[in-house]
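Visitor:
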Amino acid sequence: MDGTAPSRVTPLFDTLYSSPLSSAVTVIALSIILPLSRSGNGRQAILLLSLLLYVRYMVWRGLYTLSTTDIASTVASWVVYLAEVYGLLQFLFFSYQAWAPTDRRSPPVRRFPTVDILVTVVNEPLYILKRTLVGCVEQDYPRDKFVVYVLDDGHRDEVKMLAESLGCTYLRRYDRPRHAKAGNLNHALGLSSGELVAVFDVDHVPVKTFLRETVGFFEDEQVAFVQTAQHFYNPDIFQRNLSVERLIKNEQELFFRTLQAGRDRHNSAFFAGSGGLFRRRHLEEIHGFQTDTITEDIHTSLLLHAKGYKSCYLNKPLSAGLMPETFEGYIRQRTRWAIGSFQLFFKDNPLIKPGLTIPQRIHYLGSIYYFLHGFPRIICLVAPLLTLLLDVAPVHAEALTFAHLFGAYYAASVIALKPISGGTRNAFWSEIYEVAMYFALSWVAIKTFLAPFKQRLFAVTPKGQKIDQHRLWRTALVMPHLLVLGLLIVSTAKGFREWLTSTVTPGLEVSLYWACANLFLISIAILAARDRPQRRNALRLRQRFPVELQTESTVVNGTTFDLTEQGVAVELSAPVPPAPDVVLVTLFPPSGKDITLHGRITRQDRKSDRCVEVGIQYLDVDDETVRALIIGAFSLPNSWATAEAWSPGVLHSLYSLLTAFRQISPQTQPRRRRAPRVALQKDCRLLWQGQEMFGTTQDVSYTGLSIRLPIPLTLSHNCGTVLIENIVLKVAAISATRQGKETIVRFRVEAIEHGEEHWRELHWSLWRLCS
9 MDGTAPSRVT PLFDTLYSSP LSSAVTVIAL SIILPLSRSG NGRQAILLLS
59 LLLYVRYMVW RGLYTLSTTD IASTVASWVV YLAEVYGLLQ FLFFSYQAWA
109 PTDRRSPPVR RFPTVDILVT VVNEPLYILK RTLVGCVEQD YPRDKFVVYV
159 LDDGHRDEVK MLAESLGCTY LRRYDRPRHA KAGNLNHALG LSSGELVAVF
209 DVDHVPVKTF LRETVGFFED EQVAFVQTAQ HFYNPDIFQR NLSVERLIKN
259 EQELFFRTLQ AGRDRHNSAF FAGSGGLFRR RHLEEIHGFQ TDTITEDIHT
309 SLLLHAKGYK SCYLNKPLSA GLMPETFEGY IRQRTRWAIG SFQLFFKDNP
359 LIKPGLTIPQ RIHYLGSIYY FLHGFPRIIC LVAPLLTLLL DVAPVHAEAL
409 TFAHLFGAYY AASVIALKPI SGGTRNAFWS EIYEVAMYFA LSWVAIKTFL
459 APFKQRLFAV TPKGQKIDQH RLWRTALVMP HLLVLGLLIV STAKGFREWL
509 TSTVTPGLEV SLYWACANLF LISIAILAAR DRPQRRNALR LRQRFPVELQ
559 TESTVVNGTT FDLTEQGVAV ELSAPVPPAP DVVLVTLFPP SGKDITLHGR
609 ITRQDRKSDR CVEVGIQYLD VDDETVRALI IGAFSLPNSW ATAEAWSPGV
659 LHSLYSLLTA FRQISPQTQP RRRRAPRVAL QKDCRLLWQG QEMFGTTQDV
709 SYTGLSIRLP IPLTLSHNCG TVLIENIVLK VAAISATRQG KETIVRFRVE
759 AIEHGEEHWR ELHWSLWRLC S
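The numbering of the sequence shown is this note's numbering, which starts it at 9 and goes up by one.
1) Is DSSP giving Asn249 helix, strand or coil here?
2) What separation, rounded to the nearest whole angstrom, lies between the Cα atoms of Leu490 and Ala444?
3) Considering only the beta carbon of each residue, do Lys318 and Pro656 sit closer than 8 Å?
4) Residues in its own chain within less than 8 Å of Pro150 by CB, not counting five upstream and five downstream?
5) Looking at Thr568 and Arg552, is the spacing between their C-beta atoms short of 8 Å?
6) Just the C-alpha distance for Thr751 and Val591, rounded to the nearest angstrom, thanks.
7) Report yes if the C-beta distance between Val215 and Pro597 is below 8 Å; otherwise report no.
8) Just to confirm my understanding: we take Gly515, look at its own chain, exclude 5 residues before and 5 after, and list those with CB closer than 6 Å. What are they?
9) Which runs of the alpha helix (DSSP H) at least 4 residues long sit entirely within the stretch 236-316? Give them in chain order.
10) Where does Tyr182 land, buried or exposed, given buried means 16+ other C-beta within 10 angstroms?
11) With Lys168 and Tyr178 assumed to form a contact (beta carbons below 8 Å), what rounded beta-carbon distance in angstroms separates them?
12) With which residues is Val563 paired in a DSSP beta bridge?
13) Return the Cβ separation of His212 and Ser30 in integer angstroms, given the expectation that the two are a contact with Cβ distance under 8 Å.
14) Given this structure, state the Cα-to-Cα distance separating Thr676 from Leu170, to the nearest angstrom.
15) Within its chain, find whatever has a CB closer than 6 Å to the CB of Trp648; leave out the 5 residues flanking it on each side and keep chain order.
16) Leu695 by DSSP, collapsed to three states: which one?
17) Hey, out of Thr456, Glu765, Glu761, Leu721, whose CA is closest to Gly748's CA?
18) Where does Lys426 land, buried or exposed, given buried means 16+ other C-beta within 10 angstroms?
19) Determine the direct distance from the alpha carbon of Thr572 to that of Ala636, and round the result to whole angstroms.
20) Whole angstroms are fine: how far does the CA of Val205 sit from the CA of Arg287?
21) Per DSSP, what are the beta-bridge partners of Ile7 in this structure?
22) With distances taken from CA atoms, which of Leu694, Glu579, Ser643 is nearest Val620?
23) Buried or exposed: which applies to Gly363, given that a residue is buried once 16 or more other Cβ atoms fall within 10 Å of its Cβ?
24) Hey, out of Ser375, Thr334, Pro332, whose CA is closest to Gln351's CA?
25) Quickly, what does DSSP pair Ala206 with across the bridge? List them, please.
26) Exposed or buried, which one is Leu285 when buried takes at least 16 other CB atoms within 10 Å?
27) With contact counted as at least three CB pairs below 8 Å, one residue from each stretch, are the stretch 329-339 and the stretch 241-250 in contact?
28) Check for me: the alpha helix (DSSP H) holding Leu397 runs from which residue to which?
29) Can you tell which of Gln260, Gln235, Gly316 has the C-alpha that lies nearest to the C-alpha of Ala277?
30) Spell out a yes or no on whether the stretch 194-209 and the stretch 118-132 are touching, meaning 3 or more CB-CB pairs, one atom from each, closer than 8 Å.
31) Using the beta-carbon count (16 or more within 10 Å), is Asp22 buried or exposed?
32) On the DSSP bridge assignment, give the partners of Leu529 in chain order.
33) From the DSSP secondary-structure annotation, give me the bridge partner or partners of Cys320.
34) Taking the beta carbon of Glu292 as the centre, do at least 16 other beta carbons fall within 10 Å, making it buried, or is it exposed?
35) How is Cys727 classed by DSSP in three states: helix, strand or coil?
36) Does the contact criterion of 3 or more C-beta pairs under 8 Å hold for the stretch 661-668 versus the stretch 420-438?
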């Protein structure tokens, strides 16, 4: 091919890449991967075949597609190729971690060692801290065997009062900026004495069986720490900002449910900052939590492993926490992880650290290597611009050959992701996650490698934030994405024009496809950076258990949809009369105590013909009831065991990508009613402004109705009377919409002057009829 060096290509490779043989390899590999993926079996076979197709593509890229026409093309070709080599190595690290995940079960507890539970807090909202402390003090463990410590680096008196009211020990230190979270934990280690030490972030609420399900591992004297899977009960920024919470998995599930379990196979799972339990004397051997890097969790784990101690990973979510609510918070968290990982490379390089096994070295190196993806991602993102704007082609290849070899490996990786990840990661979305943070990670990588230990700031990830309105993109975080987006739009337009005019240059078609794919990815990443409003201080928790609503005249049974300490949403088969609007609510949490309290109906939204969602605000909730609500919502033993059990397929994941573009147009707030309307066409009379008019009802509810009048009508008077059979309603007009010679008028019912029981019975009959 023009611009390459065919003399270096051996006849063997010419034969391997001949069309019939290459096509046969593709067909055989995919025909094995696809049924194995559907059955959920053959993890190692799927990984090996996917790797085979990946290596085949990379060998072809190196032998047949590198340009040698001039210096610029040669340099561009090799830079882009090396960026793709990074991707191959990353796939190797991923395959090694995902090769054979463990599936541990909690061992029986034969004795009850003393435990110190440490909860770190700085300036987070008190309601978040209260949830965590309630989960800690309600442990199903002998009460004289554990102590809950509140480690307050914010020095707030209200935190002290809360801790003492719940029976916790309050600690504060006076050199609080020193060593951040690690320093706070080490200060508490010096003032406590438990045999075991549990660590929770302020937002991570443990279930009540956390200690019972983890302390049994310490029967083995070589076990230094146990890490548990984490669950996040709020959507991540991609789910929330793109309105795809019901369509894609949480971004962290792949790590906690697959990769950590894979590392556990080689005694390499590491402490994840929260939800871990340590043996004190092993911690003391390494002088406590490590302070030389800003990621004390992975650094502490590495030193314990280097001492020859064991770790155990229990792949069961025994605590639930919060993801960052804003794009800025997400980037802050990820850059801190990246800086700490790079610092670990310089401080205790896993390649040369004495005491580590070879598998442990590979796993820890893979954790560091991952955060270098910013550079190759930038290169691959701008690579097609070289051809389309500068006529420098980094890839010289026929479009069909490229589509075949690249497409085969990419299709295999997409199909394989579901069984390999255990359904914890949507196909295609890993690309979005990396594109969103590639500039930020590249910048911190440069700074950290130039001065590894000048990056000392431990930036606390904000939690419990309230966002009143759509936040525009932060210039510093998104401007590089917007710049690349603009260049991709210009270059793609130019490329299509050249392609349509048949002025095809080497590599044009490949670069045009590449640019379109990048344009798609970066557009979604930019949309994810625009924070949607979050007006609730206390995020609603999705939990489902039975509930009973009791009014003066009826009892209605339903199921909770979401709840918090302030209110609940309930799914019912029929609406609740809003008068009186105060109802008696009884919640029936599984394996928990029934909770009874009063509430006010705030809305009733019709979800379907057979379902109405009722929003209820609690009234006069005392501290004991709040505590019971927290236990019922967060702390029951299997609260998160079956969370998000669905497993997305390839088509489902592709649909979720396309759905993300809905955020280009503003989202309208759904209209919320205290009583949902039901369609009804019935003759009626309207007494209005001293006139009598005849019309037809369109829909009715307990509190309002719409009427179609056959004449134009201008609302110059607000109140009137509607007569439907023997029902007399006093109404106030809300709006009037002209439709040709007719008018649709929406009314609010001010009073039922006659036939109140008939009016309610009419609505109930209509509802049952529709259902």
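The C-beta atom is built at its ideal place from N, Cα and C for all residues, glycine as well.
Guide: This is what the structure holds:
1) helix
2) Spanning the two alpha carbons is a distance of roughly 11 Å.
3) no
4) Phe120
5) yes
6) 37 Å
7) no
8) Thr395, Ala401, Val403, His404
9) 245-249, 268-272, 288-293, 304-314
10) By the neighbour-count rule (16 or more Cβ atoms within 10 Å), Tyr182 is not buried but exposed.
11) 5 Å
12) Gln558
13) With 8 Å as the limit, His212 and Ser30 do not qualify as a contact, their Cβ atoms being about 50 Å apart.
14) Model confidence at Thr676 stands at a pLDDT of 47, short of 50, so the residue's coordinates are unreliable and nothing is read from them.
15) His239, Pro325, Ala328
16) strand
17) Leu721
18) buried
19) Distance between the alpha carbons of Ala636 and Thr572 is about 11 Å.
20) Cα atoms of Arg287 and Val205: separation of roughly 6 Å, rounded to the nearest angstrom.
21) With the chain represented from 9 up to 779, any question about residue 7 goes unanswered, as that position is not in the structure.
22) Glu579
23) With fewer than 16 other Cβ atoms within 10 Å, it is exposed.
24) Ser375
25) In the DSSP assignment, Ala206 is bridged to Ile125, Leu285.
26) Counting other Cβ atoms within 10 Å of its Cβ, Leu285 reaches 16 or more and is therefore classed as buried.
27) With a cut-off of 8 Å, the stretch 241-250 and the stretch 329-339 count as touching, because enough Cβ pairs lie within range.
28) 382-398
29) Gln235
30) In short, these stretches touch, since the Cβ pair count reaches three.
31) exposed
32) Note: Leu529 sits in no beta bridge, so no partner.
33) Val234
34) exposed
35) strand
36) Here the stretch 661-668 lies against the stretch 420-438, with 3 or more beta-carbon pairs under 8 Å apart.
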